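Below: one structure, written as structure tokens.
Protein chains: 2
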Amino acid sequence: MTSRDGYCWTPKDGLKAGVPSLGVVTPASNICSSEATYDVVVIGAGYCGLTAARNASLEGLKVLLLEGRDRIGGRSWSSNIGGYPFEMGGTWVHWGQANTWREVLRYRMEKDIESSFDFSKGVKHFELNTHQGSATMSHEDEDALLDSALKKFTNVDGVYGRVMIPLPHDTFHNPGSIALDSQSAQNRIDDIASTLSPQERAALETFILLCSGGTLETTSFHEFMHWWAMSGYTNQGMMDLLITWKFREGQSTFARRFFDEAVATKRLSYSFNTPIERIKDNVSDVEIITRTGRKFRALRAISTVPLNVLSSVSFEPPLPAGKQAAIRIGHVNQTVKVHAEISNKDLRSWTGITYPYNELCYAIGDGTTPAGNTHIVCFGGQNKHMDPETDIPRTQKAVSSMFNPDHYDGKSVDIQRLVFHNWSKDEFAKGAWFFPPPELLAKHLDDMRARHGKVVFANSDWALGWRSFIDGAIEEGTRAALEVRKEIEDLRTERATL
Amino acid sequence: MTSRDGYCWTPKDGLKAGVPSLGVVTPASNICSSEATYDVVVIGAGYCGLTAARNASLEGLKVLLLEGRDRIGGRSWSSNIGGYPFEMGGTWVHWGQANTWREVLRYRMEKDIESSFDFSKGVKHFELNTHQGSATMSHEDEDALLDSALKKFTNVDGVYGRVMIPLPHDTFHNPGSIALDSQSAQNRIDDIASTLSPQERAALETFILLCSGGTLETTSFHEFMHWWAMSGYTNQGMMDLLITWKFREGQSTFARRFFDEAVATKRLSYSFNTPIERIKDNVSDVEIITRTGRKFRALRAISTVPLNVLSSVSFEPPLPAGKQAAIRIGHVNQTVKVHAEISNKDLRSWTGITYPYNELCYAIGDGTTPAGNTHIVCFGGQNKHMDPETDIPRTQKAVSSMFNPDHYDGKSVDIQRLVFHNWSKDEFAKGAWFFPPPELLAKHLDDMRARHGKVVFANSDWALGWRSFIDGAIEEGTRAALEVRKEIEDLRTERATL
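These protein sequence lines are chains X and W, in that order.
Residue numbers in the first sequence follow the working numbering, run continuously in steps of one, and reach 498 at the last position.
Residue numbers in the second sequence follow the working numbering, run continuously in steps of one, and reach 498 at the last position.
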């Protein structure tokens with residue numbers, strides 16, 4: 001099935017909106033009437049909503065899942081094109097990500113992952129293009145460069161953050177770390193600038209922007225340190241946990257397991273293509289009003305609407321001031337992720353940075369397509385933002401500028417296909433994965449996590465651990481389903497007692 | 001409540017069998033009659049059985065949990081004595097352990113953990129006592145010593161095992177790694193012996209024995225590499241993941257959450273003090289016969305009996321040859337874990353090795369008791385085995401031999417209390433956590449995991465990831481409950497269709 005989401009460009013067909021995905025659900029609804037009162041309505045069918053809906057339905061609740069899109073997965077989904085899965089959003093997983101890996105094992109998918117990196121083939125170098133010039137180096141030297149830079153960046157306490165953030169699921173466990181959240185990545189770089197070589201600085205800044213999708217000024221230093229702590233306080237840990245292991249058949253094969261298991265309980269109703277407009281907390285239930293005016297009722301609601309989208313939903317009674325303030329601030333991640341299929345077969349083992357003058361700044365060889373082409377995945381963000389679909393020649397140039405022809409006998413890369421999702425223009429995402437500006441977390445993490453009457457707010461954006469990751473989404477969906485299930489049980493017990 | 005398990009010795013009261021624990025369940029049974037046919041009977045109330053029983057009951061099955069002991073937790077439980085929790089078995093957890101941490105987050109216990117290590121107080125050194133003499137060094141030097149030794153030990157492929165075991169949940173993913181399972185730790189040490197300093201070798205051998213509880217000859221080199229891979233291929237990762245974070249109030253507070261949640265479903269029946277003798281697979285159900293001749297029936301059984309105990313249960317029809325072979329081989333871990341409360345307040349930040357001539361070889365300062373004494377936890381194993389309860393003066397000597405009086409102004413330590421569980425003499429454990437001898441896994445991992453008719457075998461002993469850990473127990477309990485729940489659903493559907 002083809003989703004409305006995503007774009008694909010080829011020389012032959014030009015730009016097409018909408019790409020195929022296993023995540024598209026058809027028929028889009030299994031609801032007969034709107035009359036019923038559900039135990040819980042789950043808004044959003046990303047990993048958080050899928051987890052909440054699955055757990056609640058497995059544990060006996062009558063669940064309604066509403067989703068604005070035509071597909072499951074939210075900010076993580078894959079499109080299989082020409083027998084090859086392109087990851088449109090969240091991609092990588094690792095056994096150190098508790099909530100994700102618990103599900104990978106539960107679904108017996110532990111053999112269904114493969115490494116993005118294969119440093120055994122053809123051009124086995126890292127390419128670094130900056131205002132200072134263009135250099136290539138081995139991947140070992142690439143690791144050493146970033147390792148050195150990250151050690152300087154993160155060493156706030158003499159032990160690389162282990163004292164400042166000892167227990168990363170309790171972000172501000174050490175109150176001294178709150179000050180780190182007042183700092184931006186730029187502030188921290190300014191502090192250590194004299195210790196960084198130009199190459200270290202370029203690699204470091206690019207890597208930070210790869211994580212945050214913002215600018216150095218809008219990137220919370222604390223949140224970067226939180227990622228670092230979650231990854232075991234090492235560059236190698238970040239590589240392993242953030243950007244190595246992906247599903248061989250694509251993310252949507254994983255998301256499908258959650259959805260299909262929930263459907264199999266026969267307690268899940270769902271409606272896709274159903275954006276919601278209003279959530280009204282009544283005395284005895286909560287009412288969900290869709291954009292087309294349909295109404296649904298449930299004893300509880302779980303909203304998995306991301307922070308940057310929450311302002312598009314109206315709440316009765318209105319949300320409390322703290323949550324409203326967090327929504328006004330929003331998160332800063334405007335990552336641009338562009339897949340390019342290039343005919344240069346030798347580039348499977350290539351990685352590169354072009355920074356800061358290009359719209360895309362970081363890229364890696366990510367696979368070989370059935371056609372024998374090299375698949376590279378490129379990242380840009382708010383630092384030098386573009387909408388890839390609006391000007392394809394410009395997007396092509398941003399991709400080809402990742403490669404300096406000097407290193408390839410004067411040849412530039414030959415782009416056979418581009419695949420991407422414009423997350424910034426996506427009304428249900430308004431950005432990529434959550435990344436906070438300074439002070440948002442210290443001031444409003446608890447506000448973002450707080451419930452509002454019968455509505456529980458769950459999203460990876462405010463998870464405790466792998467916040468911003470698939471893992472955080474599953475963490476939050478698990479929390480929300482458990483909270484709601486216990487309340488529904490209490491309601492049933494009350495009624496039985498009356 | 002006081003469990004029959006465990007021992008406590010004090011100068012005043014001498015040796016007492018049985019220590020208090022939150023894990024003791026009272027009344028020990030909530031079964032009215034044996035007439036009912038359950039959906040599933042779960043044998044064993046360790047973390048694996050607790051997880052299976054909880055998940056199955058949450059998802060609507062009628063569950064019977066049978067346990068030979070008077071308490072939950074199996075090989076992981078804590079005893080609170082004098083307001084201080086002593087960990088009798090499995091202790092440490094980490095957010096990199098997927099199944100465990102998913103539950104820690106789900107039960108909102110992420111703030112309920114603390115570090116065993118506190119290197120800020122008094123005697124801040126590591127003490128190494130060997131046949132070559134006695135030395136002290138800083139904890140930084142201790143880390144560097146083991147780090148250097150482990151790098152030599154694990155570097156089988158030039159990248160510290162990353163090529164040999166790239167995907168640790170698929171242990172033999174690289175077929176080349178099967179050869180590692182033919183090697184013992186002793187074989188590998190022989191290969192690299194010329195590169196190790198005497199201190200490196202002593203630290204390395206002690207650490208390997210701390211992991212396996214066997215001898216160097218009976219320790220599979222592959223399984224050690226598996227632990228190493230699970231820990232991120234670094235010494236620091238092993239320290240973080242294996243031996244750092246524990247529950248502030250003790251393991252049994254965690255196990256209780258599973259049990260209490262299962263009880264709250266009202267679908268869990270249970271009977272403690274109920275060892276089983278026989279499992280009989282009939283045409284339409286499975287029959288469990290206890291040691292006292294009580295019979296229970298269920299559609300399916302989940303046996304969480306550990307490998308070393310399986311020979312005490314008879315099966316009809318008999319178990320297949322592969323599983324029987326694995327049971328005959330068994331695992332090799334005969335760890336002796338002894339807690340000592342010592343009046344020397346300055347030793348909180350102390351760590352030590354005394355090897356190979358002492359019954360205990362590795363110890364750390366693990367806390368300060370409410371009485372102001374230092375709590376140290378000591379480990380020994382098959383290498384030089386003792387039963388701590390049979391000869392208390394000898395046990396005291398083994399503890400005090402961890403300290404060389406030369407380093408403490410000629411003073412020896414003053415032992416105020418000993419607490420321990422003799423896992424080797426425990427009929428329901430017959431050893432500590434699973435550790436395989438060479439070839440057991442390569443030949444029989446699949447056999448151990450295989451079901452037998454209506455009986456699903458689940459135990460951390462044959463988990464894919466954190467095999468031998470609490471995490472592996474939860475992994476296996478999750479797998480078993482899901483498998484059984486799907487089958488029961490299918491049976492119901494079949495019956496409804498007839």
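Where a beta carbon is used, it is the ideal one built from N, C-alpha and C, also for glycine.
This structure is a prediction, so every number in the text was calculated from the model and none was measured.
### Message
Rounded to whole angstroms, what is the Cα-Cα separation between X/Met-402 and X/Leu-360?
### Response
For this step, residue 402 of chain X is matched to residue 402 along the first sequence. For this step, residue 360 of chain X is matched to residue 360 along the first sequence. So the two alpha carbons sit approximately 7 Å from each other.
### Cβ-based burial, W/Lys-486 [other Cβ within 10 Å; buried from 16]
Working through the second sequence from its first residue, we reach residue 486 of chain W at position 486. Of the residues assessed, W/Lys-486 falls on the exposed side of the cut-off, its CB having fewer than 16 other CB atoms within 10 angstroms.
### Environment of W/Gln-334 [buried if 16+ CB atoms lie within 10 Å]
For the purposes of this step, residue 334 of chain W is identified with residue 334 of the second sequence, where counting begins at 1. Under this definition W/Gln-334 is a buried residue.
### Query
Which residues of chain W have a Cβ atom closer than 8 Å to the Cβ of X/His-139, listed in chain order?
The sequence position of residue 139 of chain X within the first sequence is 139, counting from 1. Within 8 Å Cβ-Cβ: nothing; X/His-139 doesn't reach chain W, min ~12 Å.
### Task
Evaluate X/Val-159 with the Cβ neighbour count: other Cβ atoms within 10 Å of its Cβ, from every protein chain shown; 16 or more gives buried, anything less gives exposed.
Counted from its first residue, the first sequence places residue 159 of chain X at position 159. Looking at its Cβ environment, which holds fewer than 16 other Cβ atoms inside 10 Å, X/Val-159 is exposed.
### Query
From the DSSP output, which residues share a beta bridge with X/Thr-2?
Walking along the first sequence from the start, residue 2 of chain X turns up at place 2. Its beta-bridge partners are X/Pro-20.
### Message
Along the chain, where does the beta strand (DSSP E) containing X/Glu-316 start, and where does it finish?
### Response
For the purposes of this step, residue 316 of chain X is taken as the residue at position 316 of the first sequence. X/Glu-316 -> beta strand (DSSP E) spans 314-316.
### Task
Using a threshold of 9 Å, state whether the C-beta atoms of W/Gly-49 and W/Thr-304 are closer than that.
Sequence index remark: in the second sequence, residue 49 of chain W carries index 49 (1-based). Sequence index remark: in the second sequence, residue 304 of chain W carries index 304 (1-based). A contact, by the Cβ cut-off of 9 Å.
### Task
Can you pull the chain X residues whose beta carbon is under 9 Å from the beta carbon of W/Gly-465, in chain order?
Locating residue 465 of chain W in the second sequence gives position 465, counting from the first residue. Simply Trp-95, Trp-101, Leu-105, Glu-110.
### Query
Residues in the region 147-158 of chain X with C-beta within 9 Å of chain W's C-beta atoms, listed in sequence order?
Legend: CB atoms of the region 147-158 of chain X lying less than 9 Å from CB atoms of chain W are not found in any residue.
### Task
Tell me, please, whether the CB atom of X/His-222 is closer than 9 Å to any CB atom in chain W?
The residue you call residue 222 of chain X lines up with position 222 of the first sequence. With 9 Å as the cut-off, X/His-222 does not count as an interface residue toward chain W.
### Task
Assess, as a yes-or-no matter, whether the region 440-451 of chain X is touched by the region 314-322 of chain X under the definition of 3 or more beta carbon pairs within less than 8 Å.
In this structure the region 314-322 of chain X touches the region 440-451 of chain X; the number of beta carbon pairs closer than 8 Å is three or more.
### Task
Could you tell me whether the Cβ atoms of W/Ala-262 and W/Arg-54 are closer together than 9 Å?
The residue labelled residue 262 of chain W in the question sits at position 262 within the second sequence. The residue labelled residue 54 of chain W in the question sits at position 54 within the second sequence. Yes.
### Message
Excluding the 5 residues flanking W/Phe-272 on each side, which residues of the same chain have their C-beta closer than 6 Å to its C-beta?
### Response
For the purposes of this step, residue 272 of chain W is taken as the residue at position 272 of the second sequence. Closer than 6 Å at Cβ, skipping near neighbours: Val-25, Ala-28, Glu-67, Asp-70.
### Query
For a contact meaning CB atoms closer than 8 Å, what does X/Asp-170 contact in chain W?
Here residue 170 of chain X is taken as the residue at index 170 of the first sequence, counted from 1. Result: Glu-110, Lys-111.
### Task
From the DSSP output, in three-state form, read off W/Val-484 for me.
Sequence index remark: in the second sequence, residue 484 of chain W carries index 484 (1-based). Three-state result, W/Val-484: helix.
### Task
Check each residue of the region 55-67 of chain X: if its Cβ is closer than 8 Å to any Cβ of chain W, include it; give the result in chain order.
Listed by position, the residues of the region 55-67 of chain X near chain W (Cβ gap below 8 Å) are Leu-58, Glu-59, Gly-60.
#### Entry: Helix, strand or coil at X/Leu-204 according to DSSP, with G and I counted as helix
Translated into the one-based positions of the first sequence, residue 204 of chain X becomes position 204. It is helical.
### Query
Per DSSP, X/Gly-352 is paired with what?
The residue given as residue 352 of chain X occupies position 352 in the first sequence. Paired residues: X/Glu-127, X/Ala-363.
### Task
Take the Cβ of X/Cys-32 as the centre, count every other Cβ of all protein chains shown within 10 Å, and call the residue buried at 16 or more, exposed below.
As a position in the first sequence, residue 32 of chain X is number 32, starting the count at 1. X/Cys-32 is exposed by the Cβ-count criterion.
### Residue nearest to X/Glu-427 in terms of C-alpha spacing, selected from X/Val-41, X/Asp-409, X/Ile-276
The count along the first sequence starts at 1 and reaches residue 427 of chain X at position 427. Of X/Val-41, X/Asp-409, X/Ile-276, the residue nearest in Cα terms is X/Ile-276.
### Task
Report the three-state DSSP secondary structure of W/Thr-91 (helix, strand or coil).
Position 91 of the second sequence holds residue 91 of chain W. Coil.
### Message
I'd like the list of long-range same chain contacts for X/Leu-150, defined as Cβ closer than 6 Å, with 5 residues on each side in sequence excluded.
### Response
In the first sequence, residue 150 of chain X corresponds to position 150, counting from 1. Closer than 6 Å at the Cβ level, and outside the excluded window around X/Leu-150, lie Asn-235.
### Message
For X/Ser-223 and X/Met-164, I'd like the C-alpha separation in whole angstroms.
### Response
As a first step, residue 223 of chain X must be located in the first sequence, where it is residue number 223. As a first step, residue 164 of chain X must be located in the first sequence, where it is residue number 164. In the sequence under discussion, the amino acid at residue 223 of chain X is Glu, which differs from the Ser named in the question. Looking at the two C-alpha atoms, the distance is approximately 12 Å.
### Query
So, is X/Glu-494 buried or exposed, given that buried needs 16 or more other C-beta atoms within 10 angstroms?
Along the first sequence, one-based indexing puts residue 494 of chain X at 494. By the 10 Å Cβ count, X/Glu-494 comes out exposed.
### Query
Looking at C-alpha atoms only, which residue of X/Glu-316, X/Val-399, X/Trp-77 is the closest neighbour of X/Arg-417?
One-based indexing of the first sequence puts residue 417 of chain X at position 417. Residue X/Val-399 is the option with its Cα nearest to X/Arg-417.
#### Entry: Residues that DSSP places opposite X/Met-15 in a beta bridge
As a working mapping, residue 15 of chain X is identified with position 15 in the first sequence. According to the sequence as given, residue 15 of chain X is Leu; it is not Met. In the DSSP assignment, the residues bridged to X/Leu-15 are X/Trp-9.
#### Entry: Per DSSP, the bridge partner or partners of X/Pro-275
Working through the first sequence from its first residue, we reach residue 275 of chain X at position 275. Under DSSP, X/Pro-275 forms no beta bridge with any residue.
### Task
Please confirm if X/Trp-77 has its CB atom under 9 Å from at least one CB of chain W.
Residue numbering aside, residue 77 of chain X sits at position 77 when the first sequence is read from its first letter. Taking a beta-carbon distance threshold of 9 Å, X/Trp-77 does not count as an interface residue toward chain W.
### Query
In chain order, what residues of the region 250-265 of chain W put their CB closer than 7 Å to some CB of chain X?
Cβ contacts with chain X: none found.
### Query
So X/Tyr-357 is in the alpha helix (DSSP H); what residue range does that whole segment cover?
Residue 357 of chain X sits at position 357 when you count from the first residue of the first sequence. From DSSP, X/Tyr-357 is part of no alpha helix (DSSP H); its letter is neither H nor E.
### Query
In its own chain, which residues sit with a C-beta less than 6 Å from the C-beta of X/Lys-430, not counting the 5 before and 5 after it?
Residue mapping note: residue 430 of chain X aligns to position 430 of the first sequence, counting from 1. Taken in chain order, the residues that qualify are Asn-308, Val-309.
#### Entry: Proximal residues to W/His-173 (C-beta, below 8 Å), its chain only, five neighbours per side dropped
Here residue 173 of chain W corresponds to residue number 173 of the second sequence, with the count starting at 1. So the qualifying residues of the chain are Ile-165, Pro-166, Leu-167.
### Message
Just checking: is the beta-carbon of W/Ala-98 within a distance shorter than 9 Å of some beta-carbon in chain X?
### Response
In the second sequence, the residue the question calls residue 98 of chain W occupies position 98. Against chain X, the CB of W/Ala-98 has a partner CB under 9 Å away; the residue lies at that interface.
### Query
Comparing alpha-carbon positions, which option in X/Thr-351, X/Val-63, X/Val-93 lies nearest X/His-375?
Numbered from its first residue, the first sequence carries residue 375 of chain X at position 375. Checked all of X/Thr-351, X/Val-63, X/Val-93; the closest Cα to X/His-375 is X/Thr-351.
### Query
Just reading off the beta strand (DSSP E) that W/Glu-114 is part of, what are its end residues?
Counted from its first residue, the second sequence places residue 114 of chain W at position 114. 113-115 is the extent of the beta strand (DSSP E) around W/Glu-114.
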